[in-house]
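Visitor:
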Amino acid sequence: MTGYGRRRVLKVGGLAAVVGTLASRRTAADGTAGQVGSTDRGWTSRRGNPGHTGYAAGESGPDDPAVVDWEHTESGGSVAVSNGVVYRTTDGAVHAFDAADGERIAESDDVGADGTPTAVDDRVYVGGEDLTALENEGAEPVWQQGFESDAVSEPTVVDGRALVVSDGTLHAVDAAEGARLWAFEPDDGTLVDQPVAAADGAVFATDGRSLYAIEGDDGDVRWSTDDGGFREQVVLATDDVVAVQVGGVDEVAVYETETGDLRWIGDGYAATLATDDRIYTLTRDDIVGYDRESGEERWRPALESAVYGPPVADGETLYVGIRSANGGAGIVALALEDGTLEWSIRTDAHPHELALADDTLYAAAGGLLAIRSESAFDDVSANESESDNVSRPENRNDTFETRDPETAGVGTGNDSGSGEGSNGTEDADEVLGNDTDDEDEAVPGFTSGAGIAGGAVVLEWLRRSAAGDRLASAERK
Numbered sequence: 001m002t003g004y005g006r007r008r009v010l011k012v013g014g015l016a017a018v019v020g021t022l023a024s025r026r027t028a029a030d031g032t033a034g035q036v037g038s039t040d041r042g043w044t045s046r047r048g049n050p051g052h053t054g055y056a057a058g059e060s061g062p063d064d065p066a067v068v069d070w071e072h073t074e075s076g077g078s079v080a081v082s083n084g085v086v087y088r089t090t091d092g093a094v095h096a097f098d099a100a101d102g103e104r105i106a107e108s109d110d111v112g113a114d115g116t117p118t119a120v121d122d123r124v125y126v127g128g129e130d131l132t133a134l135e136n137e138g139a140e141p142v143w144q145q146g147f148e149s150d151a152v153s154e155p156t157v158v159d160g161r162a163l164v165v166s167d168g169t170l171h172a173v174d175a176a177e178g179a180r181l182w183a184f185e186p187d188d189g190t191l192v193d194q195p196v197a198a199a200d201g202a203v204f205a206t207d208g209r210s211l212y213a214i215e216g217d218d219g220d221v222r223w224s225t226d227d228g229g230f231r232e233q234v235v236l237a238t239d240d241v242v243a244v245q246v247g248g249v250d251e252v253a254v255y256e257t258e259t260g261d262l263r264w265i266g267d268g269y270a271a272t273l274a275t276d277d278r279i280y281t282l283t284r285d286d287i288v289g290y291d292r293e294s295g296e297e298r299w300r301p302a303l304e305s306a307v308y309g310p311p312v313a314d315g316e317t318l319y320v321g322i323r324s325a326n327g328g329a330g331i332v333a334l335a336l337e338d339g340t341l342e343w344s345i346r347t348d349a350h351p352h353e354l355a356l357a358d359d360t361l362y363a364a365a366g367g368l369l370a371i372r373s374e375s376a377f378d379d380v381s382a383n384e385s386e387s388d389n390v391s392r393p394e395n396r397n398d399t400f401e402t403r404d405p406e407t408a409g410v411g412t413g414n415d416s417g418s419g420e421g422s423n424g425t426e427d428a429d430e431v432l433g434n435d436t437d438d439e440d441e442a443v444p445g446f447t448s449g450a451g452i453a454g455g456a457v458v459l460e461w462l463r464r465s466a467a468g469d470r471l472a473s474a475e476r477k
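For the sequence shown, the positions run 1 to 477 when UniProt numbering is used.
#1: By alpha-carbon positions, which one of Val173, Thr53, Pro62 and Gly51 ends up nearest to Asp358?
#2: First and last residue of the beta strand (DSSP E) that includes Ala205?
#3: Name the DSSP bridge partner or partners of Gln194?
#4: Please state the DSSP three-state secondary structure of Glu71.
#5: Counting C-beta neighbours from all protein chains within 10 Å, is the total for residue 531 16 or more, i.e. buried, or is it exposed?
#6: Using only the alpha-carbon positions, how far apart do Leu336 and Leu318 sit?
#7: Helix, strand or coil for Glu140, going by three-state DSSP, please let me know.
#8: Starting from the C-beta of Ser373, find all residues in its chain whose C-beta is less than 7 Å away, skip the five residues before and the five after it, and write them out in chain order.
#9: Relative to the alpha-carbon of Ala302, which residue among Gly309, Val332 and Val312 has its alpha-carbon at the smallest distance?
#10: Leaving out five residues on either side along the sequence, give the residues of the same chain with a beta carbon under 6 Å from the beta carbon of Glu148.
#11: In the DSSP assignment, what are the bridge partners of Tyr87?
#12: Pick out whichever of Ser224, Leu236, Ala151 and Ser108 has its Cα sitting closest to the Cα of Glu140.
#13: For Leu282, which option in Gly208, Ala270 and Glu177 has the closest C-alpha, if you only look at C-alpha atoms?
#14: Would you kindly check if the distance between the Cβ of Ala274 and the Cβ of Ala325 is under 8 Å?
#15: Counting only the same chain and skipping the five closest in sequence on each side, list residues whose C-beta sits under 6 Å from that of Asp110.
#16: What's the gap between the Cα of Leu181 and the Cα of Val203?
#17: Does the structure place the stretch 191-203 close enough to the stretch 156-164 that three or more beta carbon pairs sit under 8 Å?
#18: Mapping DSSP to helix, strand and coil, what is Gly48?
#19: Within 10 angstroms of the Cβ of Asp114, are there 16 or more other Cβ atoms? Answer buried if so, exposed if not.
#20: Please state if the CB of Glu137 and the CB of Ile105 are separated by a distance shorter than 8 Å.
#21: What is the residue span of the beta strand (DSSP E) that Arg323 lies within?
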C-alpha cells in the first residue's frame, strides 16, 4: 500500500453507498461556542449535533488540493466522532476506529445496535433493538433500556437525557443511569420512528400530520402545528427556528421554536443545513440558501446539471455529494459567500451524507473516506497499515486530479468550448471529469444501518437521481 500522489485522488467506492459522517479531533476556536445551530467540537451524532443542522462553524474542511488520507472499505452505518475516535455500527455491534489512520481500536459484542451512534461525555449511545449506552471506546455496555418494540430510533442526547422514539412514542431516558424519565405520545396517532431534533430546551418530532415541540425537562407540549404532510425525514432545529418539509409537496416550512409561529415557506423537499444566517434546502436539482430571518433567497451553487445530497458546512465552505447528468458521482466544495467551486473529487459510489471537522472531510461512498488537504502530508511519509479493510490504495492510471475553480470544466468539449454554463456556472460532468456518456450500472442503495430518517432523504435523492438518469438516457436516444 502506498500514499496518494500529490494533487491526486483515487476513484473509490462500489455499487452500494452508505450514509457517512465526519470526525473531529479539535476543540472549536474561542468565540464559536455561542454559534447558533453549530457543532462546536467533534461530529457527535447524525448531522453533527442534537439539532441536526449539519453546521460546524468552529471547524474547517480540507483546502484545495484535497486528497484521500485513508479509506475504510468495510460497509456500515453512519459514524459519530469524538476525541479522535470514529464510531460506527455494523452487524449489531459498535466499532471504534482511530480517526487519524482508520485503525480499529475496539469492538463491542452484538448489542442489537443499528443506525448512527451518538458520542457524548466519553460514552456512546446507540438505538436498534434497545437503547444502549457503552463506554471504553464503545466496547463495554453500561446499561440497556428496552421498550415494548424491538425497534428504537437513533438517540439524540442533550442535557443529560437520551431521547428516542419507539413504537410511535417519544421516550426520555436518564443518560447516566438508563432510567426512564418521561414519555410522550400524541392523543390521536403515533410519532414517526426517526431521530428527534433538540434545541432551545425543546424536542421536535412529527406524526406525519403535526409537528410537536415537547419540553425537554418534563415532556409537556410547548406547541404543535397541524399543517400536515410532514415526510419521514430528519427535522432540523436551532435555538430560534425549526425547519421541516411540509404539506406533502416540495416546500419547507420554518417555524419559531418558542411559539410555533410560521416564519416563512421556501422551495425544497428537505431542510438539510442551517448556518448562522441561512437555512439551506434541497430541490430537485439545486440547493437553495434562504435568509434565516426573512426567507429571501440568498444563495445557489455555481454548478449546473447536478443532483445534490444533504450538504454540510464550516464557517466558509459548503461541502456536498453530487450526481451528474451522465451518472458521475463525487463531492464538491462551494464557497458560502457566492457558491463558486473551490475543489471537487469524484467517487464511484454516491456520498449521501458528509460531515467535517479539524480540516478533514469524512464521506461514505462504498466505504468510509477521510479526505484532507494535501498540504497536511507534505512532510509526512505514507504509512503502511495492517488493519482489516483499511488501506491507502496505490496510485494508478484511474486516478484523477482535483479541479481548481479557475480551470474546472474548461476545454473539455462542450458546445461552448468551455465547461462553464451560460450564466457562469460550471457543468457537473465537466467538474467531475466525465468524458463519456457512460452511466453507472445501478443506482446505489443504502444499508439498514443508515437509519429510517436519514434514509428518507437519501431515498428521495436516489429517486430523483434515477429520474434524472432516465431523462438523460432518453435525450441521448
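Glycine residues also receive a C-beta, built at the ideal position from the N, C-alpha and C atoms. Quantities reported herein were computed from a predicted structural model and do not represent experimental measurements.
Guide: The answer reads as follows:
#1: Pro62
#2: Ala202 to Thr206
#3: The partner list for Gln194 (beta bridge, DSSP) is empty, contrary to what the question assumes.
#4: Reduced to three states, the DSSP call for Glu71 is strand.
#5: Nothing about residue 531 can be reported from this structure: the residues present for the chain run from 1 to 477 only.
#6: 6 Å
#7: In the three-state scheme derived from DSSP, where H, G and I count as helix and E and B as strand, Glu140 is classed as strand.
#8: Cβ neighbours of Ser373 beyond the five flanking positions: Pro62, Asp63, Ala66 and Asp359.
#9: Val332
#10: Asp167
#11: Ala80 and Ala96
#12: The shortest Cα separation from Glu140 among Ser224, Leu236, Ala151 and Ser108 belongs to Ser108.
#13: Among Gly208, Ala270 and Glu177, the Cα nearest to that of Leu282 is on Ala270.
#14: no
#15: These residues qualify, in order along the chain: Gly92 and Ala93.
#16: Each residue's alpha carbon lies about 14 Å from the other.
#17: yes
#18: helix
#19: buried
#20: yes
#21: Thr317 to Ser324
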